[in-house]
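Chain order of the listed sequences is X and H.
Be aware that the first sequence starts at 169, since it is given in my numbering, and climbs by one per residue.
Be aware that the second sequence starts at 11, since it is given in my numbering, and climbs by one per residue.
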Amino acid sequence: MSFSWSLLLQGFTQALTPVNLLYAILGSLVGTLVGVLPGIGPTSAIAILLPLTTILPPLPAIIMMAAIYYGAMYGGSTTAIVVNIPGEASSVPTAMDGYQLARQGRGGPALGIAAISSFVAGTISLVGLTFFAPLLAGVALAFGPPEYFALMFMALSLVISLSGRALLKGLIATALGLLVAMVGLDPLTGEARLTFGTVSLMAGVNFISVIIGLFAIGEVLVNIERAALSIYENKIRDWLPGLEDLKYSLGAMLRSSVIGFFLGLLPGCSPAVTTFIAYDAEKKVSKRPHLFGRGAIEGVAAAEGANNATCSGGFVPLFSFGIPSGPALAVLLGGFMMYGLQPGPMLFKENPNLVWAIIASMYIGNVILLVLNLPLVGLWARIALIPFPILGPLIILFSVIGAYSVRFLMFDVWVALIFGILGYLMRKLNFPLAPMVLATVLAQMLETSLKQSLVLSSGSPLIFFTRPIAAVFMILALVMIAWGLWLQFSGRSAQLAADESD
Amino acid sequence: MFMRTQRAADMVSGAILAALGLLSLVASLNISGVTGEHLHPRTLPYLLSLVIFITGLALLLGGWRYRGEEKIIAWPDREGWKRILISLASIVVYLFLLEPLGFTLSSFLLLTFLIWYLGRYNLILIILMDLATVVTIYYLFYRLLGLNFPVGPLGW
Chain X
169 MSFSWSLLLQ GFTQALTPVN LLYAILGSLV GTLVGVLPGI GPTSAIAILL PLTTILPPLP
229 AIIMMAAIYY GAMYGGSTTA IVVNIPGEAS SVPTAMDGYQ LARQGRGGPA LGIAAISSFV
289 AGTISLVGLT FFAPLLAGVA LAFGPPEYFA LMFMALSLVI SLSGRALLKG LIATALGLLV
349 AMVGLDPLTG EARLTFGTVS LMAGVNFISV IIGLFAIGEV LVNIERAALS IYENKIRDWL
409 PGLEDLKYSL GAMLRSSVIG FFLGLLPGCS PAVTTFIAYD AEKKVSKRPH LFGRGAIEGV
469 AAAEGANNAT CSGGFVPLFS FGIPSGPALA VLLGGFMMYG LQPGPMLFKE NPNLVWAIIA
529 SMYIGNVILL VLNLPLVGLW ARIALIPFPI LGPLIILFSV IGAYSVRFLM FDVWVALIFG
589 ILGYLMRKLN FPLAPMVLAT VLAQMLETSL KQSLVLSSGS PLIFFTRPIA AVFMILALVM
649 IAWGLWLQFS GRSAQLAADE SD
Chain H
11 MFMRTQRAAD MVSGAILAAL GLLSLVASLN ISGVTGEHLH PRTLPYLLSL VIFITGLALL
71 LGGWRYRGEE KIIAWPDREG WKRILISLAS IVVYLFLLEP LGFTLSSFLL LTFLIWYLGR
131 YNLILIILMD LATVVTIYYL FYRLLGLNFP VGPLGW
């Protein structure tokens, strides 16, 4: 399998049909909105909207979901700069310099550079995605069940080892996520598992309810405990960045695109991690490092660039292997699965129009977002000021709608509430959320591939070490676990948190 | 206070997790399955329960043996707890009322109470805003998208 211009062009013609364009715009709007609003992020938003989109055909629905994800990367910077409240964890480095710039009355240029850098890095890494994804999918074509099992095992190990100090808690979160997904009927034999004799549990615990609970409801509970924040606004003098700003930021945009994209290929490297890495790297190469943290425009460019590049980079393993690298992409994978689609080499081969239309729509989406963000940034900044006492109850309401409409069962809503409380406790007790979400979404694929592998080998687990590609993944997984243990006991991992708290 | 420090919290959550692991370990042993399968339906649940049991114990022991500086967990203050518990209680009541009263009416009640409770805005403004919200949701999701929400005695 290789990249072909004709497929990409065909993708563009499909993505540009009025309906698909409409959903790309809608997704970009929703994405920017949830990016701007603290207390709700792309993971929650996609999980809530997923069941509602099932009335759409797969293409517009997935175009919209993807746009929500990368759109949120644009929106997150706005509140970080204007009111020093990062809408997403990945916008924390943006706030460090962006807010300082805003205080100096240069909020406009900071917002402008954030949007431009998001666009530049988003587009550069999309080019990477366009060429890398089919290439890797070609490699993945040779994968059988043992390779897939080993790959997923490696992805989960990496996510656990990136939990940093909380390695043990990452492992617990992963095991819990897998176990929760096994409640219900065994998908292969139809055997009831861990149902404790109740009929409700026979239907299984739906992962969308789990994610809505952990992310949306959990985050609302965290915000409820604080009294309403008093938010004040900085005066914005000039709106557009000048040539000087662009000159300082250009290098940062390019460097952060590369850093963000390649780190984004790794499971567990969420934008929340890579923005910090790109920001630090920029500080190291800068000729004026003393300005970082005091209003360096290139700091904003680096953070926002890495943010978007990581986001597009994460689509590479999703499209070519069907492996999500973070919670938001895990929900997106769930979206594919709801339509009976399995991202991976077979999707590239059997349904190339769909894959290429989604990729093409992402190019278009980035243009839409630039247009939405540059002139309308003042409007978004205003929306960010919606007080939490109004926003929180609305998020609860939408979470209930989302959880209920998965299967139209009240049971799913109660599951969401229980996982909301669990999500609150996990945040307080420093358990990472990302491994749990990934595990819940991957559980069924993991078990199926394990089962198929054991059929191939007539029951011998050695098959994961005798097939060369599988063996490489398994060894990498073991290396990562060892590396995680080393980080754990050498105490060097304070900064590396794979968690993307939405 | 209960679970005030990270150490205490680790010990408590470790103990709970170990108990949970043990419970699901027993439950996994009761999973029946066909013989001759290479992967028995109980194998993975059993292994995962074992992992949770062992890691739970490890967390408990790690907390027990921890002798470093005390890390205080950022629990909410009294007011914060009160806000969380009252909000949670109102959500639970809402979920119980959802089917008998119908989605629209019960959502209106939840929004009105919770927004008033958390924000203390002018009640009339809140009611007007909530009415607009639930009516929009009703028409958008129920009428337009045809989603099957519970309806109350009056059909909405």
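Even for Gly, the Cβ is constructed at its ideal location relative to N, Cα and C.
What are the boundary residues of the alpha helix (DSSP H) that includes X/K337? Residues 335-350.
Quick one: Cα of H/Y56 to Cα of X/L346, how far? Between H/Y56 and X/L346, the C-alpha separation is close to 12 Å.
Between the alpha carbons of X/A464 and X/C479, how many angstroms are there, rounded? Rounded to the nearest angstrom, the two C-alpha atoms are 24 Å apart.
My output table needs one value for X/A420: the three-state DSSP class, helix, strand or coil. Three-state result, X/A420: helix.
Grouping DSSP H, G and I as helix and E and B as strand, with all else coil, what is X/L353? Correct three-state label for X/L353: strand.
Does any residue of chain X have a CB that is nearer than 7 Å to the CB of H/I134? Chain X places no beta carbon closer than 7 Å to that of H/I134, leaving this residue out of the contacts.
Close Cβ partners of X/S567 (< 7 Å) along its chain, the five nearest in sequence each way excluded: Leaving aside the five residues that flank X/S567 on each side, the residues in its chain whose CB is nearer than 7 Å to its CB run, in chain order, I216, I380, A384, I385, A584.
Looking only at C-alpha atoms, which of X/E393, X/I445, X/F430 sits nearest to X/F556? Out of X/E393, X/I445, X/F430, X/E393 has the C-alpha closest to the C-alpha of X/F556.
Same chain, Cβ closer than 8 Å to X/D667, neighbours up to 5 away in sequence not counted: Its pLDDT being 41, under 50, X/D667 is placed unreliably by the model, and nothing is read from it.
Looking at chain H, is there any beta carbon in it that lies within less than 7 Å of the beta carbon of X/A343? Judged by the 7 Å Cβ criterion, X/A343 is in contact with chain H.
Which stretch, first to last residue, makes up the alpha helix (DSSP H) that contains X/R575? Per DSSP, the unbroken alpha helix (DSSP H) holding X/R575 starts and ends at 556-575.
Considering only their Cβ atoms, is the gap separating X/M232 from X/Y191 smaller than 7 Å? Result yes, Cβ atoms of X/Y191 and X/M232 sit closer than 7 Å.
How many Å lie between X/G482 and X/G494 at the Cα? Spanning the two alpha carbons is a distance of roughly 8 Å.
Taking C-beta pairs closer than 9 Å, name the residues in chain X that H/R93 reaches, listed in chain order. Per Cβ cutoff of 9 Å: I392, E393, R394, A395.
Does the Cβ of X/F678 have 16 or more other Cβ atoms within 10 Å, making it buried, or fewer, making it exposed? The structure shown has nothing for residue 678 of chain X, since chain X only spans 169 to 670.
Is X/R550 close to chain H? Criterion is C-beta to C-beta, closer than 7 Å. False, the Cβ-Cβ gap to chain H never drops below 7 Å.
Just to make sure I have the definition right: I need the residues of chain X whose C-beta is within less than 9 Å of the C-beta of H/G90. Which are they? Correct list: I392, E393, R394, A395.
Chain X contacts from the stretch 142-157 of chain H (Cβ-Cβ distance under 9 Å): Those would be T143, V144, I147, F151, L155, G156, L157, in chain order.
How about X/I399: is its C-beta nearer than 7 Å to some C-beta of chain H? Low confidence applies here, because X/I399 scores a pLDDT of 47, under 50, leaving its location unreliable; read the following figure in that light. X/I399 does not count as touching chain H.
Closer than 7 Å, CB to CB, is H/V103 near chain X or not? Chain X, which has no Cβ nearer than 7 Å to the Cβ of H/V103, makes this no.
Out of H/A29, H/L157, H/N132, H/M139, point me to the one whose CA is closest to H/I62's CA. H/I62 has its Cα closest to that of H/A29, out of H/A29, H/L157, H/N132, H/M139.
Please state whether DSSP places X/R271 in a helix, a strand or coil. The three-state secondary structure of X/R271, taken from DSSP, is helix.
Neighbour list for H/L108 in chain X, Cβ cutoff strictly below 9 Å: What H/L108 touches in chain X: V568, Y572, M578, V581.
H/T15 by DSSP, collapsed to three states: which one? Taken through DSSP and simplified to helix, strand or coil, H/T15 comes out as strand.
Can you grab the Cα-Cα spacing for the pair X/F632 / X/P492, in whole Å? Separation of X/F632 and X/P492 (C-alpha to C-alpha, rounded to the nearest whole angstrom) is 21 Å.
Pairwise C-alpha distance: H/H48 and X/G627: The alpha-carbon of X/G627 is positioned some 5 Å away from that of H/H48.
Whose C-beta lies closer than 7 Å to the C-beta of X/Y507 among residues of the same chain, with five residues either side of it excluded? Within the same chain, X/Y507 has close Cβ partners P226.
Closer than 7 Å, CB to CB, is H/V36 near chain X or not? With a threshold of 7 Å between beta carbons, H/V36 makes no contact with chain X.
Can you find a CB in chain X that lies within less than 7 Å of the CB of H/I125? At least one chain X Cβ lies under 7 Å of H/I125.
Rounded to the nearest angstrom, how far is the Cβ of X/S424 from that of X/A470, given a contact under 8 Å? That belief holds up - the Cβ atoms of X/S424 and X/A470 are roughly 4 Å apart, short of 8 Å.
Taking a contact to mean a Cβ-Cβ separation below 7 Å, would you say X/M701 touches X/L610 in this structure? The question about residue 701 of chain X has no answer here: the residues shown for chain X are numbered 169 through 670.
If H/L115 sits next to H/T65, beta carbons under 8 Å apart, how far is it from one beta carbon to the other, in whole angstroms? That pair is no contact at about 45 Å.
So, is X/T246 buried or exposed, given that buried needs 16 or more other C-beta atoms within 10 angstroms? So X/T246 counts as buried.
How would you list, in chain order, the residues of chain H whose beta-carbon sits under 8 Å from the beta-carbon of X/G195? Neighbours of X/G195 on chain H: none; closest Cβ ~17 Å, over 8 Å.
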